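So the protein sequences, as listed, match chains A and B.
Okay, so the first sequence: first residue is 6 according to this note's numbering, each after it adds one.
Okay, so the second sequence: first residue is 6 according to this note's numbering, each after it adds one.
Don't be surprised by glycine CBs; every beta carbon is placed ideally from N, CA and C.
Nothing here was measured: the structure is a model prediction, and the numbers come from that model.
Please read the structure below before turning to the comments.
2 protein chains.
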Amino acid sequence: MDTESIRQSLESNGLRFTPQRHCVMAFLMEHAGHPTAAEIFQAVNRLDPRSSRATTYNNLRDLVQAGLVREVAVEGRSARFDAKGMRHHHFICDRCGKVEDVDWYDVPKPASSSLGKRILRECELIVRGLCTGCAPAKGRRRMGVETE
Amino acid sequence: MDTESIRQSLESNGLRFTPQRHCVMAFLMEHAGHPTAAEIFQAVNRLDPRSSRATTYNNLRDLVQAGLVREVAVEGRSARFDAKGMRHHHFICDRCGKVEDVDWYDVPKPASSSLGKRILRECELIVRGLCTGCAPAKGRRRMGVETE
DNA sequence: GTCCGAGATTAGACAGAATCTAAGTTAGGA
DNA sequence: TCCTAACTTAGATTCTGTCTAATCTCGGAC
Chain A
6 MDTESIRQSL
16 ESNGLRFTPQ
26 RHCVMAFLME
36 HAGHPTAAEI
46 FQAVNRLDPR
56 SSRATTYNNL
66 RDLVQAGLVR
76 EVAVEGRSAR
86 FDAKGMRHHH
96 FICDRCGKVE
106 DVDWYDVPKP
116 ASSSLGKRIL
126 RECELIVRGL
136 CTGCAPAKGR
146 RRMGVETE
Chain B
6 MDTESIRQSL
16 ESNGLRFTPQ
26 RHCVMAFLME
36 HAGHPTAAEI
46 FQAVNRLDPR
56 SSRATTYNNL
66 RDLVQAGLVR
76 EVAVEGRSAR
86 FDAKGMRHHH
96 FICDRCGKVE
106 DVDWYDVPKP
116 ASSSLGKRIL
126 RECELIVRGL
136 CTGCAPAKGR
146 RRMGVETE
């Protein structure tokens, strides 16, 4: 996503395109590793030491509302964010907590009517396991495949 | 799940069965509404005013490790927990944040090999939308079905 | 070009959630 | 009974996020 389309998305949501917002977007697009709000603030603050934490949090909230950024659902203390590029699911490593993308595939929705709820978005999948770094070497199968 | 099987699960994980742990499990099994750690602590503390917050947090962590309790992946400030009874997915209301259970159905896993990761558990689904309380009355369709 | 108002930013205080620490207690095996 | 490891406790601390009031900036109206 280029600067101009970021600007357009912001303005169509009644938001101004500011250097701070650009900075947040740029960092998120460069870092696919689902950084936390604190990491984003650090990065923004490194580029412009005058920028404040409140602004970063405000901007993250605004960008999520504008649909430019997604907040990833993971356990843990701090919110993680994701520049919305291609749709994808998420993989969480049970050992190191790393969040990785999983290629998108359609997941069947539960029947909305049977729930009595209104389903607004595609279902998001959380896949758990061990990432390449944490999984034991191929051939040795210490952990097995546990399905609860 | 009865007291004896809780005791066995704890002991097979090298953990003692203590009144505090029993209290946490009992509360979680009675309250299916995915209480937060703070709510669990309040409830435990009401039964035994001497019990401490640190113990409740420690016990929740231990119970999750022992596989007796699940931490639910939701955005938001406080961790939410769930006694592992029947398998189910989760529905999160976009407006009020309420977490509800969705009946279990199998979701196709991504191909483990193609990921280079080891998938350890069933995939967890996060469904979003408006709960019965927040959805506009039937017939009026203000929000439509938005699929990102 | 100037003025004005809404939106944006800032620093720092504040609040809530979770963790850490050190000391005391308890349970269970030797 | 004694000893040790596991457990619990109170309270301090850290971390994460929000709020507030003051200031700044942009863009439209004049």
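Considering only residues of the same chain and omitting the five flanking positions on each side of B/ARG12, which have a CB-CB separation below 6 Å?
PHE22
Compare the C-beta of B/ILE11 against all C-beta atoms of chain A and say whether one is closer than 8 Å.
no
Nearest CA to the CA of A/CYS128: which residue from B/GLY134, B/ILE124, B/GLU127?
B/GLY134
Against chain B, does A/ILE45 count as a neighbour if the rule is that its beta carbon must be under 8 Å from one of theirs?
no
Closest to A/TYR110 by CA distance: which of A/ALA71, A/CYS101, A/ARG92, A/ARG100 is it?
A/ARG92
Contact between the stretch 94–109 of chain B and the stretch 73–85 of chain B (3+ Cβ pairs under 8 Å)
yes
How about A/TYR110: is its C-beta nearer than 8 Å to some C-beta of chain B?
yes
What would DSSP say about B/GLU151, mapped onto helix, strand or coil?
In this prediction, B/GLU151 has a pLDDT of 38, which is less than 50 and means its spatial position is unreliable; what the coordinates show is noted afterwards. The answer is coil: DSSP assigns B/GLU151 none of H, G, I, E or B.
For B/THR61, is the classification buried or exposed, using 16 other Cβ atoms within 10 angstroms of its Cβ as the cut-off for buried?
buried
What residues from chain A crowd round B/LYS114, counting only those whose CB sits closer than 8 Å?
VAL132
Are the C-beta of A/ARG128 and some C-beta of chain B separated by less than 8 Å?
A small fix is needed here, since residue 128 of chain A is Cys in this sequence, not Arg. Closer than 8 Å: yes.
So, is B/ARG159 buried or exposed, given that buried needs 16 or more other C-beta atoms within 10 angstroms?
Because residue 159 of chain B is not part of the residues shown, which for chain B are 6 to 153, the question remains open.
B/ALA88 by DSSP, collapsed to three states: which one?
strand
Could you tell me which chain B residues have their CB closer than 8 Å to the CB of A/VAL29, listed as they occur along the chain?
Correct list: empty, because the minimum Cβ distance to chain B is about 17 Å.
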